[in-house]
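This report refers to the structure that appears directly beneath it.
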Amino acid sequence: MLKRLVLMLCLLLSCATAYGAEKEHRALAEELIRITDGDTVMERMKAQVTMIFQQITAQMNVQEADKPKLEKFTKRFDAIVKEDMAWDKVKTQYVDLYTSVFTEEETKGLVDFYKSDLGKKVTAKMPELMQQSLTVARTYMQNVVPKLEGLTEEMRKEFAPPAAPATPAPDAGKTDTKK
Numbered sequence: 012m013l014k015r016l017v018l019m020l021c022l023l024l025s026c027a028t029a030y031g032a033e034k035e036h037r038a039l040a041e042e043l044i045r046i047t048d049g050d051t052v053m054e055r056m057k058a059q060v061t062m063i064f065q066q067i068t069a070q071m072n073v074q075e076a077d078k079p080k081l082e083k084f085t086k087r088f089d090a091i092v093k094e095d096m097a098w099d100k101v102k103t104q105y106v107d108l109y110t111s112v113f114t115e116e117e118t119k120g121l122v123d124f125y126k127s128d129l130g131k132k133v134t135a136k137m138p139e140l141m142q143q144s145l146t147v148a149r150t151y152m153q154n155v156v157p158k159l160e161g162l163t164e165e166m167r168k169e170f171a172p173p174a175a176p177a178t179p180a181p182d183a184g185k186t187d188t189k190k
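All residue numbers for the sequence shown refer to the numbering used here, where the first residue is 12 and numbers rise by one.
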């Protein structure tokens with residue numbers, strides 16, 4: 012009986028310790044997200060989605076008489092974006108992601124780095140770097156895509172089943188003897 016009690020106490024203590032460590036890890040992950048401006052990711056995505064929506068509606072050439080209808084759709088769009096793209100809605104998933112990818116020690120090291128002057132500079136320059144990287148990738152892909160399309164078309168022809176020989180119609184070649 013005493014052994015069971017000691018075992019249960021040990022188990023409870025280990026669970027409490029693990030919970031405390033997980034809580035600290037999650038707090039560090041939240042801090043890392045905040046200091047790297049990760050919490051603004053949804054705001055940037057909302058801005059992009061809104062810009063795309065505006066481009067689509069501009070291409071529709073909505074007549075003046077239909078502007079009230081468009082306004083209703085725009086309000087619905089705004090409500091969807093506000094509700095479904097709120098940071099609070101995805102924050103837990105981001106924290107889960109960070110804690111699954113980085114250990115608590117790594118997260119602490121990253122927090123320390125991003126609090127440093129160099130880390131702050133990386134955070135400040137990252138959006139510009141990512142934008143320029145995307146431009147480089149797009150330019151590169153403009154040259155690669157036509158080559159890949161040509162290759163896949165060549166493969167399609169190479170592996171296409173042979174054309175079936177033309178079969179004569181069921182009555183072809185018969186002479187009409189009932190005349």
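Glycine included, each C-beta is placed from N, C-alpha and C at the ideal position.
Please read all numbers here as calculations on a predicted model, not as lab measurements.
Query raised in the report: Is the region 101-112 touching the region 30-48, taking contact as three or more C-beta pairs under 8 Å?
Result: These segments touch.
Query raised in the report: With respect to the alpha helix (DSSP H) encompassing aspartate 123, which residues constitute its N-terminal and C-terminal limits?
Result: 115-126
Query raised in the report: Where do the ends of the alpha helix (DSSP H) carrying proline 79 lie?
Result: Its alpha helix (DSSP H) spans residues 78-95.
Query raised in the report: Relative to the alpha-carbon of isoleucine 44, which residue among Met152, Thr134, Glu160, Thr85 has its alpha-carbon at the smallest distance?
Result: Scanning Met152, Thr134, Glu160, Thr85 for the CA closest to the CA of isoleucine 44 turns up Thr134.
Query - Host alpha helix (DSSP H) of valine 101 (start-end) - result: 98-112
Query raised in the report: Roughly how many angstroms lie between the CA atoms of methionine 62 and threonine 178, to the nearest whole one?
Result: Just so you know, the alpha carbons of methionine 62 and threonine 178 end up roughly 57 Å apart.
Requested in this report: Look up cysteine 26 in the DSSP assignment and say whether it is helix, strand or coil.
Outcome: Low per-residue confidence applies at cysteine 26: pLDDT is 49, beneath 50, and the placement is therefore not dependable, though the value from the model is reported in the following sentence. Correct three-state label for cysteine 26: helix.
Query raised in the report: Heavy atom of the ligand NAD less than 7 Å from the Cβ of threonine 51, yes or no?
Result: Ligands in the displayed structure: none, and consequently the ligand NAD is not present.
Requested in this report: Decide if threonine 150 is buried, meaning its Cβ has at least 16 other Cβ atoms within 10 Å, or exposed.
Outcome: Around the C-beta of threonine 150, fewer than 16 other C-beta atoms lie within 10 Å, and the residue is accordingly described as exposed.
Query raised in the report: What three-state label does DSSP hand methionine 56 in the structure shown?
Result: helix
Query - Spatial distance of methionine 152 from lysine 158 (CA atoms) - result: Cα to Cα, methionine 152 sits roughly 10 Å from lysine 158.
Requested in this report: Counting only the same chain and skipping the five closest in sequence on each side, list residues whose C-beta sits under 7 Å from that of phenylalanine 124.
Outcome: Gly130
Report task. Could you check what DSSP says for proline 176 in three-state terms: helix, strand or coil? Result -> Looking at proline 176 - three-state DSSP - the assignment turns out to be coil, as it is neither helix nor strand.
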